[in-house]
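Shown next, in structure tokens, is the structure this report addresses.
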Amino acid sequence: MTGFIGTQVTAALTPGRGHLAALDGAAPGGSLVPIAVASVIGVVAVLAMARRNLLPRRYLAASFTVFAVALGLVAVAALGSGDGDRGTLAADDTTAAQDPTPPGTPVLRTLALGGKQVGVLVVPGRPGLNLVAVGAEDAQAGTTAGTLRPGERRPGSSQSWIPVVLPKGRSTLRISAGGAAGELPVDTGSGAQAPLAALATADGPECAEVALGALVAGERAPLTACPSDRLAERDATALRATVLFLAARGTRSVGLVSDDSERGRAAAATVRAAAAREGIDVTAPGRATQPLIVTTGWPGATEATLAVEGGRTVAQGVYLAPWLLARSVLTPSAGQLIPLRYTPRRADAMAYVKALTARMPGAYPTGGGYEAWQRVREEEPEPSPRLFAVSVAYVPGGMVAVDGEKRSGGHHHGGGETADWLPSGMISPISGPLKERTNDDPGA
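Heads up: the sequence shown runs through residues 1 to 444, numbered per full-length UniProt numbering.
This is how it looks when you write it as structure tokens:
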């Protein structure tokens with residue numbers, strides 16, 4: 001490296017909070033100590049050269065100032081992290097720094113907690129009930145130190161989820177994980193919008209993960225609806241196509257697992273109507289040897305696939321609704337099949353996975369999150385769905401359950417934190433484009 005010493009050191013010590021945030025996150029005795037030692041040595045060297053007339057006067061003041069500024073920056077950083085366990089906004093969260101979150105919209109940030117970069121998601125980012133997702137197992141969150149609530153794992157997600165009520169306007173969300181505490185500024189705005197009822201239900205994480213997919217794609221807009229609020233027409237046609245696929249294979253009866261959400265009721269009605277047109281009986285799941293169609297949210301679908309894996313329910317394949325591409329639903333060995341308008345391991349879908357885990361370390365990709373990513377980026381899905389089969393490698397030994405907890409039995413590869421849809425598993429197409437029948441089709 002060549003050039004005047006003042007230029008070199010000034011370039012290395014770029015001013016701004018982003019640099020100090022990196023120092024705040026350092027462990028005791030980490031980056032502060034070598035910088036301080038180097039600065040002291042520099043000051044002593046400048047004074048020594050000045051006494052011996054080895055440094056021209058015109059360089060003396062500039063060199064002394066550079067090292068003094070370096071010591072000052074170290075002092076400020078040390079004071080800012082004096083308690084040693086207080087996390088700060090991560091210095092590498094450049095997207096967030098360059099594009100601040102508008103008031104009243106979902107928030108995605110990374111905090112340095114316990115020596116790790118921990119993703120934090122706040123949905124919907126408006127006054128009232130918010131779901132806070134923290135990428136750490138022992139996470140807690142609240143608006144004050146005395147109101148921290150522990151998080152819990154939910155099916156389909158790797159995060160810890162904490163419901164937090166936020167006030168209007170600016171406030172501070174307090175988060176702890178890994179023995180460290182951090183603060184996240186939040187501005188919920190002052191506008192009045194209807195609350196998202198689904199956030200208070202078992203479908204809340206699915207809604208938040210869709211918001212996360214849109215955020216990662218660059219959207220900065222209010223969240224106005226959740227997937228479980230209604231049945232999208234593209235999903236309805238995929239369900240009808242699934243029934244037609246089964247009818248073409250000679251199926252005369254199917255089991256159906258649904259729920260009482262608006263989407264669940266509409267999906268069940270769609271399946272029943274399509275089955276009636278094809279002369280297929282629809283029954284409750286049980287001991288009958290027949291295909292099982294699942295149109296619940298993530299928790300219900302996880303229970304359904306675990307019941308098939310455990311032998312409590314008999315099924316000739318578990319046909320999942322298209323919104324059920326979530327790791328906890330795919331991991332049990334239940335013969336899952338799912339209609340999709342994209343191929344999960346193609347480059348475009350894997351670009352979403354890479355971007356997701358860069359912004360929310362350890363997050364699991366989901367079908368709803370990817371569809372939100374596609375929408376924001378104006379990427380068109382395939383016009384017709386294809387049926388994909390799911391399989392996961394199985395090794396005897398300790399089982400890792402779909403929520404990350406260990407249980408007896410075999411071990412399904414896929415319970416880890418790998419940035420993939422289904423680590424050590426396959427999601428493979430087994431059909432061409434499915435024939436779809438919409439409500440406008442003749443004979444529908």
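Here a beta-carbon is modelled for each residue, glycine too, at the ideal position from N, C-alpha and C.
Please read all numbers here as calculations on a predicted model, not as lab measurements.
Start and end of the alpha helix (DSSP H) containing residue i?
{"i": "Gly135", "result": "From DSSP, Gly135 is part of no alpha helix (DSSP H); its letter is neither H nor E."}
{"i": "Val216", "result": "Gly204 to Val216"}
{"i": "Ser328", "result": "Arg327 to Leu330"}
{"i": "Val308", "result": "Trp298 to Glu309"}
Measure from the alpha carbon of residue i to the alpha carbon of each residue in the options, then state which is nearest.
{"i": "Thr101", "options": "Glu219, Arg377 and Glu436", "result": "Glu219"}
{"i": "Gly311", "options": "Arg109, Arg341 and Arg287", "result": "Arg287"}
{"i": "Leu223", "options": "Pro106, Ala347, Ala355 and Ala372", "result": "Pro106"}
{"i": "Gly335", "options": "Gly169, Leu239 and Leu292", "result": "Leu292"}
{"i": "Glu278", "options": "Leu306, Val243 and Thr295", "result": "Val243"}
{"i": "Arg345", "options": "Glu233, Gly169, Gly367 and Val123", "result": "Gly367"}
{"i": "Gly432", "options": "Tyr342, Thr357 and Thr270", "result": "Tyr342"}
{"i": "Thr270", "options": "Leu231, Gln290 and Gly300", "result": "Leu231"}
{"i": "Gln316", "options": "Leu121, Leu256 and Ser261", "result": "Leu256"}
{"i": "Glu382", "options": "Pro365, Pro361, Asp348 and Val392", "result": "Asp348"}
{"i": "Tyr370", "options": "Val353, Arg359, Met360 and Ser158", "result": "Val353"}
{"i": "Ser158", "options": "Ala301, Ser328, Gly250 and Lys168", "result": "Ser328"}
{"i": "Trp421", "options": "Gly179, Lys116 and Ala351", "result": "Ala351"}
{"i": "Tyr364", "options": "Ala321, Arg249, Gln290 and Val210", "result": "Val210"}
{"i": "Val372", "options": "Leu212, Gln290, Arg272 and Ala326", "result": "The question names Val, yet the displayed sequence has Ala at residue 372. It is Leu212."}
{"i": "Gly182", "options": "Leu111, Gly362 and Glu233", "result": "Leu111"}
{"i": "Thr289", "options": "Glu309, Thr302, Val314 and Val308", "result": "Val314"}
{"i": "Thr237", "options": "Arg249, Ala307, Gln374 and Ala273", "result": "Ala273"}
Tell me which same chain residues have a C-beta within less than 8 Å of the C-beta of residue i, skipping the five on either side of it?
{"i": "Arg149", "result": "Gln140, Ala141, Gly142, Ile162, Pro163 and Val164"}
{"i": "Ala241", "result": "Pro339, Ser384, Pro385, Leu434, Lys435, Glu436 and Arg437"}
{"i": "Asp281", "result": "Arg252, Ser253, Val254 and Ala275"}
{"i": "Ala200", "result": "Leu129 and Pro163"}
{"i": "Lys168", "result": "Pro127, Thr188, Gly189 and Ser190"}
Using C-beta distances below 7 Å, list every residue in its chain close to residue i, excluding the 5 sequence neighbours before and after it, in chain order.
{"i": "residue 448", "result": "Nothing can be reported for residue 448, as the shown portion of the chain is limited to 1 through 444."}
{"i": "Ala198", "result": "Gly204, Cys207, Cys226, Ser228 and Asp229"}
{"i": "Glu152", "result": "Ser160 and Trp161"}
{"i": "Ala177", "result": "Leu113, Gly114, Val118, Val134, Ala136, Asp138 and Ala139"}
{"i": "Val376", "result": "Ala214, Ala217, Gly218 and Glu219"}
{"i": "Pro195", "result": "Gly128 and Leu129"}
{"i": "Trp323", "result": "Pro227, Asp235, Gly367 and Gly368"}
{"i": "Ser391", "result": "Gly425 and Met426"}
{"i": "Ala221", "result": "Thr105"}
{"i": "Thr305", "result": "Val318, Val329, Pro332, Ala334 and Gln336"}
{"i": "Ala321", "result": "Asp235, Leu239, Ala267, Val294 and Thr295"}
{"i": "Val122", "result": "Pro106, Val107, Asn130, Val132, Leu173 and Val186"}
{"i": "Lys116", "result": "Gly178"}
{"i": "Ala419", "result": "Val353, Lys354 and Thr357"}
{"i": "Ala247", "result": "Glu278 and Ile280"}
{"i": "Glu309", "result": "Pro332, Ser333 and Ala334"}
Over the uninterrupted beta strand (DSSP E) stretch that includes residue i, give me the two end residues.
{"i": "Val392", "result": "Arg386 to Val392"}
{"i": "Arg170", "result": "Arg170 to Ala177"}
{"i": "Val122", "result": "Lys116 to Val123"}
{"i": "Asp378", "result": "Reading off the sequence shown, one finds Glu at residue 378, where the question assumed Asp. No beta strand (DSSP E) holds Glu378; DSSP gives it neither H nor E."}
{"i": "Ser160", "result": "Ser160 to Leu166"}
{"i": "Arg109", "result": "Val107 to Leu113"}
{"i": "Gln316", "result": "That residue, Gln316, is in no beta strand (DSSP E); it is neither H nor E in DSSP."}
{"i": "Glu183", "result": "Ala180 to Asp187"}
{"i": "Gly146", "result": "Gly146 -> no beta strand (DSSP E), and no H or E assigned at all."}
{"i": "Gly425", "result": "Gly425 to Pro429"}
Could you give the C-beta distance for residue i and residue j, rounded to a whole number, given that I count them as a contact under 8 Å?
{"i": "Gly125", "j": "Thr172", "result": "Between Thr172 and Gly125 the Cβ distance is about 14 Å, and since that is not below 8 Å, they are no contact."}
{"i": "Ala284", "j": "Leu239", "result": "Their Cβ separation, rounded to whole angstroms, is 18 Å, which puts Ala284 and Leu239 out of contact at 8 Å."}
{"i": "Gly297", "j": "Asp259", "result": "6 Å"}
Near residue i, which residues of its chain fall below 6 Å by C-beta distance, leaving aside the five closest residues on each side in sequence?
{"i": "Arg170", "result": "Asp187"}
{"i": "Pro429", "result": "Arg386 and Phe388"}
{"i": "Pro299", "result": "Pro155 and Ala202"}
{"i": "Ala355", "result": "Val216"}
{"i": "Thr302", "result": "Pro155, Ser328, Val329 and Val402"}
{"i": "Glu262", "result": "Asp229 and Arg230"}
{"i": "Ile103", "result": "Here the sequence assigns Pro to residue 103, which means Ile is not the residue at that position. Asp187 and Gly189, listed in sequence order."}
Examine chain C for any beta-carbon lying closer than 9 Å to the beta-carbon of residue i, and answer yes or no.
{"i": "Gly300", "result": "Absent from the structure: chain C. Only one protein chain is present."}
Fill in: Completely contained beta strand (DSSP E) runs for the stretch 334–370, where each covers 3 or more residues
Runs of the beta strand (DSSP E) inside the stretch 334–370: 336–340.
Worksheet item: What alpha helix (DSSP H) runs, 4 residues minimum, are completely inside the stretch 245–292?
Response: Runs found: 262–277.
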